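Accompanying notes for the structure given below.
Numbering (my numbering), first residue to last: 1 to 698.
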């Protein structure tokens, strides 16, 4: 089993960029809390360190990040009469587990969190997955009890450890939301609280759904199987459920209930005793009596009084779809057998306005600017007698300010000729469009998945939004049988934060005002400290600096004429970046929130990557004449092969310059003015190298 996963840089929780969740890693059966490969938030809550401190102080934990307040329950302050109590105040002898790790012990008492109780029950059917999310060192007994517990959740390629106190919300003497079947067992109520903290509040849980919860618990890949298509062939449905359960997948049947939402039920077993039967967990208040079982004289009995059984044909008729969460190899340790061995590649990227947010294939000229990934399927699967390769593709998006975007991906089948005749990234006209192998419908959910079964070949995967120039962040997972190779055919659209990112973020917060924003002068200070460290030594003022110094005279005191100095120029570049990265409407548009700041730094790092590409000797500057020559020969053209309309203006700027040395801050200004040209220029020059990486895969 091979797993090469380029992990997400930051866990996401309630939109907070620097969460206080500790990132953990799993290596085989070991749990690593302080891996040198992970950049931790220095203020992250460490369960074991906190517990040691509480042992010394002999106090019970009260979580400052998730306080016992109405805001924690509702997401806003209200007059609701919510009481917060510890389990020891509810029952004299609380237990984390009443009888060891649970099986089917969640009672669904809240419509708001009904899907979460189903996800918990599904999780309890897979003990390995359960113990990964619910650590076994949680307990109420003994002197080590200090009122704190911890749980682990998967967030876009990272596992985070969420620490909580054990104060639970109650009203009228009863727990508000999920309750256990045994009154002295509290693992599910505490897991719910940790998940509420991950989401931001108890009420925020409702913004998620069953698939998202199962995925957050396991890191699996989700898919939905509509039962309407199985009415004619119930045997296929039965085999699907049985094979998924055998592989450890979490599964739940869902029934839509007109305008009253949906009801979900955990699928526990698939057995054959005279008839093919599906075992479901039924909530206590919705127990179903199956007359068929009582009158048929069958030996099948429920091993739990909350389990109900349906014949497969009854199951298909009574439920609308099945939500499935498939376990991935690096989440679940060793595969069950060689038949289930998979490779997993994880890639994080962005759709960037004016650069990589190309939209759907309805507009081919912009579509091909989307991020692209080549997958080389070199050999057929060993266990497939048809000589085919299997591929599962998962495209996830991170929530933005306006929620989820309509997203999808296209999978094209390429030929060797495509590589020899096309620049990288690929671009095709409508008449020469390669064969589309897969194109799931656009979805505004968190994840879109698709399956491909095809003989060995080369595929091109293009993730996209439905509309062009809509920005967003995505997390792409490619799940396949050996052997295959994945190559990104465009420069990374995600900032590589680097080892100094923590100090960059700290500098942002040290300069930020009470609202957590900075202006372009602050941004200039950050750029000078971390990026523009090599100040130009030439006394000659460039044409660009002269022009900008006249345009930006308001940056200086009106009594002091602008001189086109390095500092003034950097402030102008920072002002431009701030305007591009600004995400909120304020009295001063150039003030940046943290999200806007990350966007600006992302752009700087993209253009620095291109600058370094042109400056392999790391001299700290580019030769203007060589750059003009390179751009003149550039293959930066549109799909029809015509030069880009803005390339002449870019060359005109460079030809007007008197200075032969183009420094990073000037290069960034050029690049910001002509983002598409500069991006296509870089990828065109990488074409030959990228072709060799792809076609030489063995």
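From the three backbone atoms N, C-alpha and C, an ideal C-beta is built for every residue, glycine too. Note that this is a predicted model, so its numbers are computed, not measured.
Once the 5 residues before and after residue i are set aside, which same chain residues still bring their CB inside 8 Å of it?
i           : result
residue 171 : 80, 81, 82 and 83
residue 54  : 60, 61, 146, 147 and 148
residue 135 : 150, 151 and 152
State the Cα-Cα distance for the pair residue i and residue j, rounded to the nearest angstrom.
i           : j           : result
residue 32  : residue 159 : 11 Å
residue 639 : residue 529 : Because residue 639 sits at a pLDDT of 36, beneath the cut-off of 50, its placement in the model cannot be relied upon, and the following sentence gives the value as read from the coordinates. Each residue's alpha carbon lies about 41 Å from the other.
residue 388 : residue 610 : 39 Å
residue 152 : residue 86  : 21 Å
residue 591 : residue 403 : 23 Å
residue 239 : residue 513 : 60 Å
residue 461 : residue 385 : 26 Å
residue 515 : residue 411 : 44 Å
residue 665 : residue 573 : 7 Å
residue 248 : residue 119 : 14 Å
residue 123 : residue 605 : 41 Å
residue 517 : residue 63  : 27 Å
residue 154 : residue 628 : 48 Å
residue 217 : residue 209 : 12 Å
residue 46  : residue 236 : 47 Å
residue 68  : residue 205 : 17 Å
residue 138 : residue 449 : 35 Å
residue 368 : residue 361 : 8 Å
residue 452 : residue 21  : 36 Å
residue 48  : residue 66  : 18 Å
residue 185 : residue 90  : 11 Å
residue 519 : residue 526 : 11 Å
residue 312 : residue 132 : 32 Å
residue 405 : residue 40  : 29 Å
residue 126 : residue 366 : 45 Å
residue 615 : residue 51  : 51 Å
Which one of the options has the shortest CA to CA distance from residue i?
i           : options               : result
residue 274 : 268, 310 and 620      : 310
residue 618 : 655, 605 and 663      : 663
residue 141 : 452, 460, 464 and 98  : 98
residue 398 : 473, 368 and 468      : 473
residue 179 : 96, 461, 240 and 325  : 96
residue 401 : 596, 114 and 228      : 596
residue 318 : 667, 262 and 118      : 262
residue 363 : 342, 480, 226 and 468 : 468
residue 316 : 117, 252, 325 and 371 : 252
residue 70  : 504, 168, 182 and 93  : 168
residue 443 : 466, 40 and 659       : 466
residue 506 : 417, 598 and 566      : 598
residue 203 : 136, 185, 133 and 74  : 74
residue 370 : 52, 143, 351 and 44   : 351
residue 116 : 190, 56, 44 and 214   : 214
residue 72  : 188, 57, 132 and 200  : 200
residue 323 : 626, 227, 269 and 669 : 227
residue 416 : 439, 447 and 375      : 375
residue 157 : 478, 659 and 511      : 478
residue 504 : 23, 602 and 114       : 602
residue 524 : 441, 575 and 264      : 575
residue 234 : 278, 223 and 207      : 278
Take residue i and list the residues in its own chain whose beta-carbon comes closer than 7 Å to its own, dropping the five residues that flank it on each side.
i           : result
residue 457 : 377 and 413
residue 94  : 87, 88, 140, 184 and 186
For residue i versus residue j, is the C-beta distance shorter than 9 Å?
i           : j           : result
residue 373 : residue 347 : yes
residue 254 : residue 198 : no
residue 508 : residue 594 : yes
residue 470 : residue 359 : yes
residue 409 : residue 464 : yes
residue 225 : residue 321 : yes
residue 328 : residue 342 : yes
residue 211 : residue 445 : yes
residue 349 : residue 476 : yes
residue 454 : residue 437 : yes
residue 221 : residue 345 : no
residue 268 : residue 244 : no
residue 654 : residue 669 : no
Grab me the residues of residue i's own chain with a C-beta within less than 6 Å of its C-beta, minus the 5 sequence neighbours each way, in chain order.
i           : result
residue 289 : Because the pLDDT at residue 289 is just 38, under 50, the model does not fix this residue reliably, and the value given afterwards should be weighed accordingly. If we look at residue 289 and ignore the five residues flanking it on each side, it has no Cβ neighbours.
residue 266 : 118, 121, 122, 252 and 281
residue 193 : 164
residue 439 : 410
residue 391 : 452 and 480
Any Cβ of chain C within less than 9 Å of the Cβ of residue i?
i           : result
residue 218 : In the displayed structure, chain C is absent; only one protein chain is listed.
CB of residue i to nearest heavy atom of the ligand GDP: below 8 Å?
i           : result
residue 120 : Only the bare structure without any ligand can be found here, which leaves the ligand GDP out of the picture.
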